[in-house]
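Note sheet for the following structure.
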Amino acid sequence: MYSKPQALMSVGPMRNFAENAKKISIELMESNEDLAEFNEHLTEYYKQLNETWVEAQKKVNLKIPEIPQDAENYEAYKRVWIDIFDNDFTELFDSKHFGENYGHLVSKELELTKHWNNIMNVVLQSANLPNKQEMDEVYREIHSLRKRVSKLESKVRQYESKEKGN
-7 MYSKPQALMS VGPMRNFAEN AKKISIELME SNEDLAEFNE HLTEYYKQLN
43 ETWVEAQKKV NLKIPEIPQD AENYEAYKRV WIDIFDNDFT ELFDSKHFGE
93 NYGHLVSKEL ELTKHWNNIM NVVLQSANLP NKQEMDEVYR EIHSLRKRVS
143 KLESKVRQYE SKEKGN
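Here is the structure:
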């Protein structure tokens, strides 16, 4: 049997995996496309942050000569730095371009998560293991049972305390 690897694909969990390999391949191809788009938006995100930082720092550097050279120099520099950076980054975060890019970034991240979950479901199904949805159902049922047991225990305690009181 070991001399014929293709025969291995026809038995046990490997058969299921072989049947589902096409699904995994499709998910991987789609996730690669989404990953490329995610990286584009991530690059643009950091580019916007970097450009804003550089411009704000230039403004701070232009203001430094105007700050009096006395004991309060450091505190004055801090206030100028905070004000300029606060204004510039607020302007960036309020801009339409930043919002659109960030929205696309988050959207692609969610798409990648969806692909990952689909791949994991196929792998788990191939290995004859429960998927996330099935496990969530089990956890919900356990939670419901715990609540019911807790209520029953509470009623038993109440009944026992009434019995002791009589």
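Residue numbers (this note's numbering): -7 to 158.
Using N, Cα and C, we set each Cβ at its ideal position, and we do this for glycine too.
Quick caveat: nothing in here was measured; it's all calculated off a predicted structure.
Exercise. When DSSP labels each residue in this structure, what does Met(-7) get in the three-state scheme?
Worked result: For Met(-7), the pLDDT reaches just 49, beneath the cut-off of 50, and the residue's location in the model is therefore unreliable, leaving the point undetermined.
Exercise. Can you list, in chain order, the residues of its chain whose CB lies under 8 Å from that of His89, leaving out five sequence neighbours each side?
Worked result: Only Gln40 meet the Cβ criterion.
Problem set entry | Inter-residue spacing [alpha-carbon to alpha-carbon] between Ser146 and Gln117 | Ser146 and Gln117 have their alpha carbons spaced roughly 41 Å apart.
Exercise. Would Ala48 pass as a contact of Asp86 if the rule is Cβ separation under 8 Å?
Worked result: No, the Cβ-Cβ distance between Ala48 and Asp86 is not below 8 Å.
Problem set entry | Proximity of Asn93 and Tyr131 at Cβ, strictly below 8 Å | It is not a contact, given that the beta carbons lie outside the stated cut-off.
Problem set entry | Whole-angstrom distance between His33 and Ile76, CA atom to CA atom | Ile76 and His33 have their C-alpha atoms spaced approximately 26 Å apart.
Exercise. Any idea if Asp26 is buried or exposed, counting beta-carbon neighbours within 10 angstroms, 16 or more meaning buried?
Worked result: Burial call: buried.
Exercise. In this structure, does DSSP put Leu137 in helix, strand or coil?
Worked result: In this structure, Leu137 counts as helix in the three-state DSSP scheme.
Exercise. Hey, how far is the Cα of Asn110 from the Cα of Val72?
Worked result: Computed Cα separation, rounded: 50 Å.
Problem set entry | Coil, strand or helix - Ser153 by DSSP | Here Ser153 sits in helix by DSSP.
Problem set entry | Unbroken alpha helix (DSSP H) run spanning Asn120, endpoints | Note, Asn120: premise wrong, no alpha helix (DSSP H); not H, not E.
Exercise. In three-state terms, what does DSSP make of Ser87?
Worked result: In the three-state reduction of the DSSP assignment, Ser87 falls in the coil class, being assigned neither a helical nor a strand state.
Problem set entry | Sequence-distant residues of its chain with Cβ nearer than 6 Å to Lys15 (five each side left out) | Cβ within range, chain order: Val114.
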